[in-house]
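See below for the structure under consideration.
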Amino acid sequence: MTSRVIPVAPFTLTVFGATGDLSRRKLIPALFHRDLDGQLPDEATIIGVSRRPMSDEEFRSFARQALNDHIPASELQGPEVERFLTRLSYVAVDADADSGWPELASRVVAAGDRIPVYYLATAPHLFGPICDRLGKYGLAEQGRVVIEKPIGKDLKSAIALNEQVGRIFPEERVYRIDHYLGKETVQNLMALRFANALFEPLWNNAHIDHVQITVAEALGVEERAGYYDTAGAMRDMVQNHILQLLCLVAMEPPSSLDADAVRDEKLKVLRALKPIDDHNMASVTVRGQYRAGASAGGAVPGYLEELGSSTSQTETFVAVKAELENWRWAGVPFYLRTGKRLASRVSEIVVGFRPVPHSVFGDTVGAIEPNRLVIRLQPDEGVKLWLMIKDPGPGGIRLTHVPLDMSFAKAFKVRNPDAYERLILDVVRGNQTLFMRRDEVEAAWKWVDPILESWRNAKEPPRPYTAGTWGPSAAIALIERDGRTWLEDGA
Ligand code: BG6
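Heads up: the sequence shown begins at 641 in my numbering, then just goes up one per residue.
Here's what the structure looks like:
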C-alpha cells in the first residue's frame, strides 16, 4: 500500500494561546507528528504567542514537555525532536493592547515569503481583538485565520463573532475547526458513501429505518467544569460535532470534494432539520445531569460536586429525536445522543435498515434482524455490516445475525493520525473542505436556539443519571416509544 501525501508549502504558523491547553495537548504534538513523518517543509516555522513573558528557549522547554506528555517515548528518541524545537520561537503579545505586536509583525515579515497562518487557540472573546490587530499591523493581508468552538453561545453571538473576524479576513481565509471532521473514520464515511456503489441506492427512506448517532464519553467534565457549565452538552457537542456527523450521513452526494460543493450540501441538511420548540420539545428531547456513580471500576463524584455548585442546571447529557424535512429522509428519525460519564467511551453511527418485507422462513429459524451498518469513530475505528446468515452446521436451517467486521487497526498497520494533524496541514494547503463555513455554523444555531429556549421556558431541571450508565431512563423511553432501541455496538 502506498501513501500519497500532498506536499505542504513553507508556512509561518503563529499560535495565539500557545501556552494553553489546546496548544499543549493537541497542536504541538500534531505538528511534531507531521514533522516526524517528514511532511513539514524545512522553512516551516512556528511562533508561539501569549501574554506571559517567556524566552524562545523557555517556550521550547514548554513544547518539549508537551511532547513528553503526549507522544510515546519511542517516537521521541531521534534527532527529529531537536529539529522540531528549532522551528519554534516565542513572542509575548497582549491580545487586547498594542504591546508585543510590532515584534510579532517583524518576526512574521522576517520569516519571508511564506504562508502566514494564525491559529487563535484563545478564548473566543479575544478573536475580534486579535483579528483587529492582525489587520492593523498588516499581518492579515495574505493570512489565514483558524478559530474553534465555541463560536458563539447562540445565533446572535455567533453572528457577532463571525462578523468581527469577517471584517478582517474574507470567508475563504477563515478556517473554523470542528475536530470531528478531521477524524479518520469521519472521512471514511465519505469514502464509504461515495466510493462504493453499494450503499447509495439504499441511502433513503425507502430502505433506511432510522439512524443513531452516539458520542458517549466515560470521563466527566473535570478541570473544564468552569467552561462546560456555561455551555452544556447541547452547545458543547450537538451544535457542532453531532450535527456535522448528521450532515455527512444525510447530505446529497456533492459534485466533488471541493470545499463549497461539500459545504453547500451540508448546509441544505441543516436547513432541512425539523424545528424543535415548546410544542414538541418534551416528546423529542431529553436532558440529563450525572450524579455520583462508578467509572472504570472506581467511585466518581457527580457533576455538581465536580463543579462545586448545588444549583447548576446545565445538562451533561442530551438525547434528541431529529427529523429532516426533505424527500430523501422524510419519516426517518435520527436519534442523537451524547453525554459525559456514560458507561463507556464510544462514538458511532448506526444506520438501521428496514426489515425484510416478508419472511420465507418458518417460525423456527429465529428472528430475522434488520441489517445494520455501524461506523465506529472511536475507539477501535472501523466499519461493521450486520447481516443475517444461516447458522453453519448440520440440522435444519437456523438464522443468525453476524457482522462483517472491518477493524482499521487490524486491517491497516498504520498510525491513526490525530484530527488536528490533518486539519492544520489542510489550512496550509488552503483546503477548506473539512472546515465549517459561516452559514453552516449559523444554520446549526438556528436549529439549536429554539431547543435551548424551550428548555429555559419549561424550567425543568435536567434528569439525574448515575455516572457510569447510559443516561436517564427517559432517553431510553425516547427511542423505545418508537419501537426501537439504542445500540451500543462498539461498547
Ligand atoms: C470537545 C468538547 O469539542 O470534544 C469536549 O468540548 C469533548 O467536551 C471533546 O470531550 C470530545 O472529543 P474527542 O475527540 O475526545 O471525542
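C-beta: ideal position from N, C-alpha, C; glycine also.
- DSSP, read as helix, strand or coil, puts HIS1041 in strand.
- For GLU788, the secondary structure class from DSSP, reduced to helix, strand or coil, is strand.
- Counting C-beta pairs with one atom in each stretch, the stretch 814-832 and the stretch 785-799 have three or more that are closer than 8 Å, which means they touch.
- Across the structure, ASP738 and ALA732 are spaced so that their CA atoms are roughly 11 Å apart.
- For LYS1099, the number of other beta carbons within 10 angstroms of its own is below 16, and it is reported as exposed.
- Under the three-state reduction of DSSP output, GLU683 falls in the coil class, being neither helix nor strand.
- It is roughly 24 Å from the alpha-carbon of GLY1022 to the alpha-carbon of LEU1065.
- GLU1080 and LEU910 do touch by the CB rule: their CB atoms are close to 6 Å apart, below 8 Å.
- Exclusion of the five residues before and after ARG807 leaves CYS771, ASP772 and GLY775 as the residues of its chain whose Cβ lies within less than 8 Å of its Cβ.
- Within its own chain, the residues whose Cβ lies closer than 8 Å to the Cβ of LEU964, once the five positions on either side in sequence are excluded, are ALA890, VAL909, ALA912, LEU913, LYS914, ALA970, VAL972 and PHE974, listed in chain order.
- Assignment of VAL861 by DSSP, reduced to helix, strand and coil, places it in the coil class.
- Note on VAL861: 16 or more other CB atoms within 10 angstroms of its CB, so buried under the neighbour-count rule.
- For TRP1026, the enclosing beta strand (DSSP E) begins and ends at 1022-1030.
- A residue is called buried once 16 or more other Cβ atoms fall within 10 Å of its Cβ, and VAL655 is buried on that count.
- Cβ-Cβ distances below 7 Å link THR825 to ILE1015, ARG1016, LEU1017 and GLU1021 in the same chain, with the five nearest sequence neighbours on each side left out; the list follows chain order.
- Pairing PRO893 with PHE834 gives a Cβ-Cβ distance under 7 Å.
- Rounded to the nearest whole angstrom, the C-alpha separation of GLU946 and ALA865 is 7 Å.
- Look at ASP734: its beta carbon is at least 6 Å from all of the heavy atoms in the ligand BG6.
- Taking 6 Å as the cut-off, the C-beta of ASP876 counts as close to a heavy atom of the ligand BG6.
- As the crow flies, the alpha-carbon of GLN929 is around 52 Å from that of GLY752.
- By the Cβ-count criterion, ARG1121 is exposed, with fewer than 16 other Cβ atoms from all chains shown falling within 10 Å of its own Cβ.
- DSSP places THR654 in the strand class (E or B) of the three-state scheme.
- For GLN884, no beta strand (DSSP E) segment is defined; the enclosing uninterrupted segment is the alpha helix (DSSP H) at 883-890.
- For GLN1018, the enclosing beta strand (DSSP E) has its first and last residue at 1012-1018.
- ARG968 carries a coil assignment under DSSP once its states are collapsed to helix, strand and coil.
- Between the stretch 671-684 and the stretch 703-718, the count of C-beta pairs closer than 8 Å reaches three or more; the two stretches touch.
- With fewer than three CB-CB distances shorter than 8 Å, the stretch 1045-1053 does not count as touching the stretch 797-807.
- At least 7 Å separates the beta-carbon of VAL1005 from that of ILE1029.
- In terms of Cβ geometry, LEU728 and ALA703 form a close pair [threshold 7 Å].
- In summary, ASP876 is buried, with 16 or more beta-carbon neighbours lying within 10 Å of its beta-carbon over all protein chains present.
- In the DSSP assignment, ALA761 falls outside any alpha helix (DSSP H), carrying neither H nor E.
- In the structure shown, the three-state DSSP call for GLU988 is strand.
- With contact defined as three or more Cβ pairs closer than 8 Å, the stretch 1106-1116 and the stretch 953-967 are in contact.
- The three-state reading of DSSP puts GLN804 in helix, counting H, G and I together.
- Listed in chain order, the non-local C-beta contacts of ARG754 below 7 Å within the same chain comprise PRO650, PHE651, THR652 and GLU683, local neighbours out to five positions each way being set aside.
- In the structure shown, HIS673 falls within a helical segment according to DSSP collapsed to helix, strand and coil.
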